[in-house]
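Presented below is the structure to which this report refers.
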Amino acid sequence: MEYEAMLFGLSVGMGAALYLCYELLAALRKVFFRHKAVWNALDVLYWIGAGFFVFYMVYRFNQGILRSFLFLGNFLGAWICSRTAGRLLGRLIGRLLEICVFHIKNMTKRLLFFLGRCNILMYSLRILHKKQFFGNKRVRQGEKVKKKKDKKENKE
Numbered sequence: 073m074e075y076e077a078m079l080f081g082l083s084v085g086m087g088a089a090l091y092l093c094y095e096l097l098a099a100l101r102k103v104f105f106r107h108k109a110v111w112n113a114l115d116v117l118y119w120i121g122a123g124f125f126v127f128y129m130v131y132r133f134n135q136g137i138l139r140s141f142l143f144l145g146n147f148l149g150a151w152i153c154s155r156t157a158g159r160l161l162g163r164l165i166g167r168l169l170e171i172c173v174f175h176i177k178n179m180t181k182r183l184l185f186f187l188g189r190c191n192i193l194m195y196s197l198r199i200l201h202k203k204q205f206f207g208n209k210r211v212r213q214g215e216k217v218k219k220k221k222d223k224k225e226n227k228e
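In our numbering, each residue's number is its place in the sequence shown (first place is 1) plus 72.
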C-alpha cells in the first residue's frame with residue numbers, strides 16, 4: 073500500500089510537471105510562433121512526447137502494469153497545478169519572453185539603423201562623387217567647345 077501511495081504521489085508530480093511544460097510551450101508559442109499550423113505541430117509533438125514520458129515512467133516504476141490511479145494522479149496533478157501556480161507561471165514566463173524579445177528587436181533595430189546610416193552615407197558620397205566627376209567632364213567638354221569657338225574666331 074505504501075508503494076502505491078508513493079506511485080500516486082509520483083504521478084501527481086508528473087501531471088503537474090507536464091502541465092507546467094505545456095504552459096512553457098504555450099508561452100513560447102505565443103511569443104515566437106504566429107502561424108496556426110506551427111502551433112498545431114508543436115501541440116502534436118508535445119502530446120507525443122508527453123505520452124512517451126508517462127508510459128516510460130509507468131513502466132519504470134510500476135513494472136509495466138497500467139493502473140487507473142496513476143492516470144488519475146496525472147490528471148489530478150495537472151488540475152491542481154492549473155488552479156494554483158500554473159497560469160501564474162505561464163503568464164510570468166510569457167512576460168519575461170516578451171521583454172527579452174522586445175529588447176532583442178530594439179537592439180537589432182538600433183544596429184540596423186547604424187548600418188543603414190552607413191549605407192545612406194556611402195550612397196550620398198557616391199552621388200557626390202558622381203556629380204563631381206560629371207561636373208569635371210562637363211567642364212572639360214565645355215572647355216573643348218570654347219577652344220573650338222576660339223579657333224574659329226581666330227581663323228576669321
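Glycine residues also receive a C-beta, built at the ideal position from the N, C-alpha and C atoms.
All of these numbers come straight from a predicted model, not from anything done at the bench.
- [ ] Along the alpha helix (DSSP H) that carries L138, what are the first and last residues, could you check?
- [x] In the DSSP assignment, L138 falls outside any alpha helix (DSSP H) and carries neither an H nor an E.
TODO: Take L96 as the anchor and find which of R167, L79 and V110 has the nearest alpha-carbon.
DONE: R167
Open item on the list: Pairs of beta-carbons, one from the stretch 141-158 and one from the stretch 81-96, closer than 8 Å: are there three or more?
Closed with: yes
TODO: Within the same chain, show all residues whose beta-carbon is closer than 7 Å to that of E170, passing over the 5 residues directly before and after it, in chain order.
DONE: V103
Open item on the list: Measuring only the C-alpha atoms, how far is L142 from F80?
Closed with: 6 Å
Open item on the list: With a threshold of 8 Å on Cβ separation, who are the neighbours of H107 within its own chain once the five nearest residues in sequence on each side are excluded?
Closed with: Within the same chain, H107 has no close Cβ partners at all.
TODO: Consult DSSP for H175 and reduce its assignment to one of helix, strand or coil.
DONE: helix
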